[in-house]
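What follows is a set of notes on a single structure, which appears directly below.
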Amino acid sequence: MDVQQDRMNYLQNIAPKIFDFTGSFDVAIFDELTKSLNHAQGAENEFAKKALEEFLQDERSWCRVDQILEYSCSDESRFYALLILERLVKTRWKLLPSEQRIGIRDYLVQQIILVGSNTEAAQQRKLYLNKLLCSLVEILKFEWPRRWPEFLDEIVQSSKLNDSICLVNMKILRLLSEEIFQFSHQMNHIKTQYLKNALMSQFSSLFHHILEILKESTNVALIDETLITLNGFLPYIPENFVFDTVIIDVLVERLFKEPMFSNATLSCLAEIMIFESTENCRRKYGIYVKILDKIKTILPSDFDFNLAFMNGTEVQQNFLKVMTMFFSQSLKDYQQLFGANFDREKLIDGLNYILSSTKIQDFEIFKICIEFWVSFTANARIVKTRSENRFDSTSKLLVEAFNGVLSKLRYIIITNMKRPEEVIIFVNEHGEVVRQIMRDTDSVSVYNSCKDALSNLTYLCPDEIKQIILERLDNVLKASVFNWNDLNCIGWAVGSITGSMSVEMEREFIVKVLRGLLQLCDEKSGKDNKAIIASNIMYVVQQYPRFLKSYYKFLKTVVNKLFEFMSETHEGVQDMATDAFLKISKNCKYQLAKKQDEESLSYIEDISACLQGHVSLLNINQLQTTFEALGHIISAMDEDVGAQKMTLACLQGFNLNWNYLIYQLSGKEEMTDARFVTGASKFLKLSHSLCKAIGSRFEPILSNTYTDFLNIYSLISSNIFPKISAFGPEAAIYSEIKILRGIKRDFLNLIICYINSCHENLDLLKTKYFIPYVNTVLVDYRACPPCIKEVEVLSATTTFISSMNSRLNDNILTIFQHLFDSTMSMISQDLQDYPEHRVRFFTLIESITGCCFHAMVSMSPAEFDFIMQALFYAISHSSPNVSSLGLSSLVTLFKNLLDHSYSDGIFTERFHKTYFIPIFDRMLHLVGDGLHRSNLGEQSFILSHMINLVDSDKIKTSISEASNSMSANRTFVKEHAMFFLKQQHEHLNEQQLLLFVNGLFCFYKDHDQFVQHLKDFLITVKEYQGEDTDDLFADELKKEMLAVDSKNRSTRSKDDFQFAKSLHDYHTI
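Each residue of the sequence shown is one higher than the last, beginning at 1029 in this note's numbering.
Have a look at this one:
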């Protein structure tokens, strides 16, 4: 313990010395800290980590890089030094004098040669060497080719020194290609294109160097690295390098036959097979045939690939994956590959390899295969249709050739079917039947692919699909041991092929399947067994609404079974039962609402009589789903009176607690029994679910209780206020207060649901519901302390405005007085508290801007300024959702200003005079700060519109205080932009800013080009520019702007930038 404490004391004493940049630097101290970071634990490790992180972030730390690299005894310290160097290169490289840049560059090259020239040393110091290479590549992005034109020649020449250096050079080329082609978003688009062109112009010598290595070298590691490098270049190089050289022959004849190179070689060939070149189809076909023949000698297609994969090494497993990719990419467009006179045997052999790969129990390989089969089976449908509709010998031969493959494929997909999204009960890796907690996106995606492929296969031969599924189901019924996976795959396959058979065949098929599943349910005991069977029944029945609609008795049996499952307590079964009931109710609501022949009551009348007994074990979420389903059935009833009666029947029994709550609170009693409050909350939630499905038909029920709702709302607040006053804001989380607040939220959600469904009698809606709502709910919101202001009030008000539009113009000021100041004072204190209020508040402003703009025009300058300041707060907020709402409101505001029916000229002129420059400044700030990049598309849309306004003289007043002429607006805005940007980005020079501002005024009519210009600027602001301005690519950018300007002049008369029309484009950003 004393030793550890002494060590800590020692580190605490020496660590401050590394931050002294006035004297000499003690590298040994730095080594001690990196040693503690990488080898110590606990407090010592944390201290070293904090100290090194602070050093890393210090802008002066780069001055110590050369000393650390030169004198450190630890590669770990050198690694940290290289991290600092990388940051220097990315941000301040051009500030360094030319001699210093060359010195750093040459030092890195020397270090790379020193470490990389010895194979053993390179392997031992692999991490340090890789960091050296990454640092060099960062420098190359600035220095090559203008200031280091001989770099690629040096790569080729130095590679001749020894194989170890050659291997290192291959890594450099691979990293460079990745930076240029894959991670090019880190550079501006002109620079990216310049580097691509430079690399391609000099690629010939590199390619021949790569080819020479692959032809002549015997060094295994070098050949492997060269193949990886080649694979990285293949998607981007011209096809002539591949098809007009001997590279294919070298790959196929020399390297593929060697086991140590087969994976990397096959990966390169798979990339070559992607090339879309009709002229080189014969060469690609030759590759396919040769590889096919070679693989046949290694691994026959009828071998158990899954067994080989499970028992194989990592290299062997990777070979199977790469082989699958090769065949799937080769045969994706098999008709073009094989041409008119295709070799049937070669095609089937390749398909058989993909079939065998589909059996492998590996998710990634199965995903590759199933995506291929989706495309292939869709094409097979086209081929079959073509062969049936006209005489086509080739199509007929293809159909015959595919039959055997497709028969095997049907069996394989059914056997390996993935779980659909609707099934939330599954067997986990421990063999336990459990409920899904999180959605498995990958599994759902693969299921959808399986579904598409199986649907195509059913269309091609429905009888065979039917036979396979029924045989497998029969095997499950007869098996001595019940296999959950077998049944699941059958059930999921059955559900996926709905609608793929004829009506008569589907009826016969689904009856047999359901009878088999119900038989299993009766025969098997045990909760897990029952849960698995129930999940399959519920999934299958909800996928066949066409069948259920036609056969009411079966529909009734199915729904009754679902209500049985609602009493099953195994986790997940009740959820699936309610979800299935909802889906069936949506699809079969008319059948369940109508009284059928030989029935004394309709199904909804029958089930409502004993509803409480069926749903007594459901939790509140499951109850809500069930009541929504009942609501859909009720909505299909012919008569409004009958629908209202049935709605009341469903709620019967659940309203008792609500009635008791009214009685207790109206008597000014304090709530002591939470059961009644919880019961009342349940009543409101279930009313909400019914209203969600029934819609405006819920009005008579809501009308009868609306006054009670409002009274209870006020009484609850009266019940809560004394506790908040006595115990402070912390009382808001007391359980009794949270329950009472829940009642208020449930009521508001019910109002939101009902208003959303109202599309008629909106004037009545205003007088009957909105005015009482304002007088009770909005008054209550304003009076409440922040800790108990319900966010749903903002949502409900937004819903009223969105539904009633201009009818509320006269009421916006009232809304403003009750909600705006009280909410802004809450959310403007910081950026974290009340996140939901913040989003809903700006959603409300967005709604007012779009629906009640006349009210905004009528506001006093102070009131309108309050809204604008709120929007300024929103667009600068760190939350993308809040910022997006603020930007959306500004877009709508600008659109309305263009519409003369919304605003007069006086208001528009005052708006531009007062707010144009503040908005413009904030847009320039946002597009340049890098913190709001997620909303760049919206910001660019507003900025381009504002530039259009001044560039085309659409602003009918001067926005400059120094001039009264509107014709001077364009010049003023450009000069102001230069001034503002100079203040924001002092490290940028005049030329950089001028290029950016001129680009704004040049590219604003082309949204994509405009956004790219802004992205380039975001990259520019991260870099400090020195005297050397070559990397600005000023001449290239000027040429681009001249071309665009010429195009704009030729089309100016067409006025191709119409903001109102392009509003649609904004909403798709």
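Quick reminder that beta carbons are idealized off the backbone N, C-alpha and C, glycines included.
Once the 5 residues before and after residue i are set aside, which same chain residues still bring their CB inside 6 angstroms of it?
{"i": "Ala-2005", "result": "Val-2025"}
{"i": "Ser-1423", "result": "Val-1411, Arg-1414, Ser-1415"}
{"i": "Glu-1788", "result": "none"}
{"i": "Phe-1053", "result": "Arg-1092, Gln-1095"}
Which one of the options has the shortest CA to CA distance from residue i?
{"i": "Val-1402", "options": "Asp-1480, Arg-1725, Ile-1744, Ile-1816", "result": "Asp-1480"}
{"i": "Phe-1969", "options": "Lys-1941, Cys-1101, Leu-2042", "result": "Leu-2042"}
{"i": "Ala-1406", "options": "Leu-1836, Val-1427, Phe-1394, Glu-1392", "result": "Val-1427"}
{"i": "Thr-1597", "options": "Glu-1864, Ile-1096, His-1642", "result": "His-1642"}
{"i": "Trp-1090", "options": "Tyr-1099, Trp-1121, Asn-1444", "result": "Trp-1121"}
{"i": "Phe-1231", "options": "Gln-1214, Phe-1179, Met-1854", "result": "Phe-1179"}
{"i": "Tyr-1439", "options": "Glu-1392, Leu-1383, Ser-1477, Arg-1463", "result": "Leu-1383"}
{"i": "Ser-1295", "options": "Cys-1309, Gly-1260, Val-1807", "result": "Gly-1260"}
{"i": "Phe-1058", "options": "Asn-1833, Lys-1720, Gly-1670, Glu-1104", "result": "Glu-1104"}
{"i": "Glu-2014", "options": "Gly-1956, Asp-1550, Gly-1965", "result": "Gly-1956"}
{"i": "Lys-1584", "options": "Gly-1958, Cys-1616, Ser-1483", "result": "Cys-1616"}
{"i": "Asp-1838", "options": "Val-1807, Ile-1042, Val-1802, Ser-1435", "result": "Val-1802"}
{"i": "Asp-1191", "options": "Met-1215, Glu-1244, Ile-1208", "result": "Glu-1244"}
Can you find the residues in the same chain that come closer than 7 angstroms, C-beta to C-beta, to residue i, ignoring five residues on each side of it along the sequence?
{"i": "Met-1529", "result": "Thr-1486, Pro-1490, Phe-1537"}
{"i": "Asn-1197", "result": "Ile-1183, Ser-1186, Ser-1187"}
{"i": "Ala-1898", "result": "Met-1852, Ile-1873"}
Cα separation between residue i and residue j?
{"i": "His-1237", "j": "Glu-1253", "result": "13 angstroms"}
{"i": "Arg-1409", "j": "Ile-1493", "result": "15 angstroms"}
{"i": "Leu-2091", "j": "Asn-1924", "result": "Legend: pLDDT at Leu-2091 = 44, less than 50; position of this residue unreliable, value from coordinates given subsequently. Taking the straight line joining both Cα atoms gives about 11 angstroms."}
{"i": "Asp-1514", "j": "Ile-1442", "result": "9 angstroms"}
{"i": "Leu-2070", "j": "Lys-2033", "result": "14 angstroms"}
{"i": "Tyr-1762", "j": "Asp-1048", "result": "53 angstroms"}
{"i": "Leu-1155", "j": "Ser-1102", "result": "12 angstroms"}
{"i": "Phe-2085", "j": "Asn-1976", "result": "Residue placement at Phe-2085 cannot be trusted, given a pLDDT of 45 that sits under 50; the coordinates are not used to answer."}
{"i": "Leu-1110", "j": "Cys-1880", "result": "58 angstroms"}
{"i": "Phe-1593", "j": "Ser-1663", "result": "25 angstroms"}
{"i": "Phe-1655", "j": "Leu-1718", "result": "6 angstroms"}
{"i": "His-1846", "j": "Thr-1804", "result": "11 angstroms"}
{"i": "Thr-1050", "j": "Glu-1087", "result": "14 angstroms"}
{"i": "Thr-1999", "j": "Ser-1724", "result": "56 angstroms"}
{"i": "Ala-1721", "j": "Ser-1907", "result": "34 angstroms"}
{"i": "Glu-1081", "j": "Leu-1959", "result": "22 angstroms"}
{"i": "His-1716", "j": "Leu-1778", "result": "5 angstroms"}
{"i": "Ile-1496", "j": "Val-1474", "result": "21 angstroms"}
{"i": "Gly-1527", "j": "Met-1832", "result": "41 angstroms"}
{"i": "Leu-1195", "j": "Ala-1249", "result": "8 angstroms"}
{"i": "Leu-1039", "j": "Lys-1078", "result": "12 angstroms"}
{"i": "Phe-1510", "j": "Lys-1577", "result": "32 angstroms"}
{"i": "Glu-1758", "j": "Arg-1463", "result": "36 angstroms"}
{"i": "Gln-1619", "j": "Phe-1331", "result": "53 angstroms"}
{"i": "His-2095", "j": "Ser-1916", "result": "At His-2095, the pLDDT of 42 sits below 50, so the modelled position is not reliable; the number obtained from the coordinates is stated separately. Roughly 9 angstroms separates the two Cα atoms."}
Give me whichever residues DSSP pairs with residue i in a beta bridge.
{"i": "Ile-1453", "result": "Arg-1463"}
If I'm right that residue i touches residue j with Cβ under 8 angstroms, what's the distance once you round it to whole angstroms?
{"i": "Phe-1737", "j": "Lys-1710", "result": "Not really, about 15 angstroms apart at Cβ, beyond 8 angstroms."}
{"i": "Phe-1869", "j": "Leu-1822", "result": "6 angstroms"}
{"i": "Ser-1595", "j": "Leu-1546", "result": "Rounded, the Cβ-Cβ distance is 17 angstroms, inconsistent with contact."}
{"i": "Ile-1251", "j": "Phe-1289", "result": "6 angstroms"}
{"i": "Ser-1329", "j": "Asp-1377", "result": "6 angstroms"}
{"i": "Ile-1983", "j": "His-2035", "result": "Going by Cβ atoms, the distance from Ile-1983 to His-2035 rounds to 21 angstroms, so no, they are not a contact pair."}
{"i": "Ser-2165", "j": "Leu-1113", "result": "With the chain covering only 1029 through 2097, there is no way to say anything about residue 2165."}
{"i": "Glu-1966", "j": "Ser-1912", "result": "6 angstroms"}
{"i": "Phe-1894", "j": "Phe-1828", "result": "At roughly 21 angstroms, the Cβ-Cβ gap does not stay under 8 angstroms, so Phe-1894 and Phe-1828 are not in contact."}
{"i": "Asp-1808", "j": "Ser-1742", "result": "6 angstroms"}
Report yes or no: is there a C-beta of chain B within less than 8 angstroms of the C-beta of residue i?
{"i": "Gln-1085", "result": "The structure shown contains no chain B, having only a single protein chain."}
Quick one: what's got a C-beta closer than 8 angstroms to residue i's C-beta in the same chain, skipping five residues either side?
{"i": "Ile-1560", "result": "Ile-1453, Val-1455, Val-1461, Trp-1512, Leu-1515, Asn-1516"}
{"i": "Glu-1399", "result": "Ser-1356, Ser-1477"}
{"i": "Met-1036", "result": "Ala-1071, Glu-1072, Phe-1075"}
{"i": "Val-984", "result": "Only positions 1029 to 2097 of the chain appear in this structure, which leaves residue 984 out of reach."}
{"i": "Met-1604", "result": "Glu-1450, Val-1451, Ile-1452, Ile-1453, Ala-1562, Ser-1563, Met-1566, Tyr-1567, Phe-1593"}
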